[in-house]
Amino acid sequence: MTSRKVIKSAFESMLFVWGQPLPAKDAAEIFDISEQEAIGCFEELQAEYEQEGRGIRIRRVGKSFQFVTHGENETFVRRLCTPVKIKKLSQAALEVLAIIAYKQPVTKGEIDSIRGIRCDRVVEGLLKKGLIRDMGRSEAVGRPVLYGTTEEFLKHFGFSSLKELPDIEDIEGIMGVDDDEGEEEDSRQISIEMEMADGSGDH
């Protein structure tokens, strides 16, 4: 039987090579152990990195784990990587993403009802970015598609799970949309920027 020390050492190497969040289930299969045992090893590694004050940390995303940079080193990483690759989300995209995150699974019709404007193009864009996904069909008339967020969403906003989303009792209240303005969705750009630097980790 492989020792826990050897397994953790191997997991550490696997995280380094993999780059993207590594599913505990996949890591577990390498050693023929349970997914829960693998998660335990990852969590021990995670604690060790934090206790030692290392510049690299292990972040949990659902049941997957990934190497990221320590948040307090953001300034130094930015200096090294300037200019940082930034992708902006429009206000419309942020509104739709927030509704999906808090209401999921949710249909486009329900999103349209909350926002008071159609969201077809915005949903299509979020799907292409991998921030939301098709979760099946509703039992409502016409069986519309249900949407939910992805692990990519958790990764780029720095959440380990949806449980870390801030408590918001009234989803409409976070949007601040003035339906009387009649603006096109693509023109309502705001200064909020979401860092999507590939492989850059937690900044």
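Numbers 1 to 203, taken from full-length UniProt numbering, label the letters of the sequence shown in order.
Ideal placement from N, C-alpha and C gives every residue a C-beta, glycine not left out.
When beta bridges are read from the DSSP output, residue 134 appears opposite 147. Burial is judged here by how many other beta carbons sit within 10 angstroms of a residue's own beta carbon; residue 81 has fewer than 16 and is exposed. Taking the Cα positions, residue 132 is about 16 Å away from residue 158.
Spanning the alpha carbons of residue 104 and residue 154 requires a straight line of approximately 14 Å. Counting only the Cα atoms, residue 9 lies some 24 Å from residue 71. Cβ-Cβ distances below 6 Å link residue 65 to 22, 42, 58 in the same chain, with the five nearest sequence neighbours on each side left out; the list follows chain order.
About 15 Å separates the beta carbon of residue 38 from that of residue 47, a gap too long to meet the 8 Å contact definition. About 5 Å separates the beta carbon of residue 112 from that of residue 118, a gap short enough to meet the 8 Å contact definition. Runs of the alpha helix (DSSP H) lying entirely within the stretch 50–111, each at least 4 residues long, are 74–81, 91–103 in chain order. In this structure, residue 95 sits away from residue 78, with a CB-CB distance that is not shorter than 8 Å. For residue 125, the uninterrupted alpha helix (DSSP H) run begins and ends at 120–128, by DSSP. If you draw a straight line from the Cα of residue 31 to the Cα of residue 2, it comes to about 8 Å. The beta carbon of residue 35 is closer than 8 Å to those of 24, 25, 28, 63 in its chain, skipping five residues each way along the sequence. Nearest in C-alpha terms to residue 149, of all of 135, 89, 139, 143, is 135.
Nearest neighbour of residue 15 by Cα position, chosen from 51, 67, 6, 128, turns out to be 67. Straight-line spacing of the CA atoms in residue 60 and residue 18 works out to 14 Å. Taking a contact as a CB-CB distance under 8 Å, the pair residue 97 and residue 126 counts as one, their CB atoms being some 6 Å apart. Here residue 166 is not bridged, per DSSP, to any residue.
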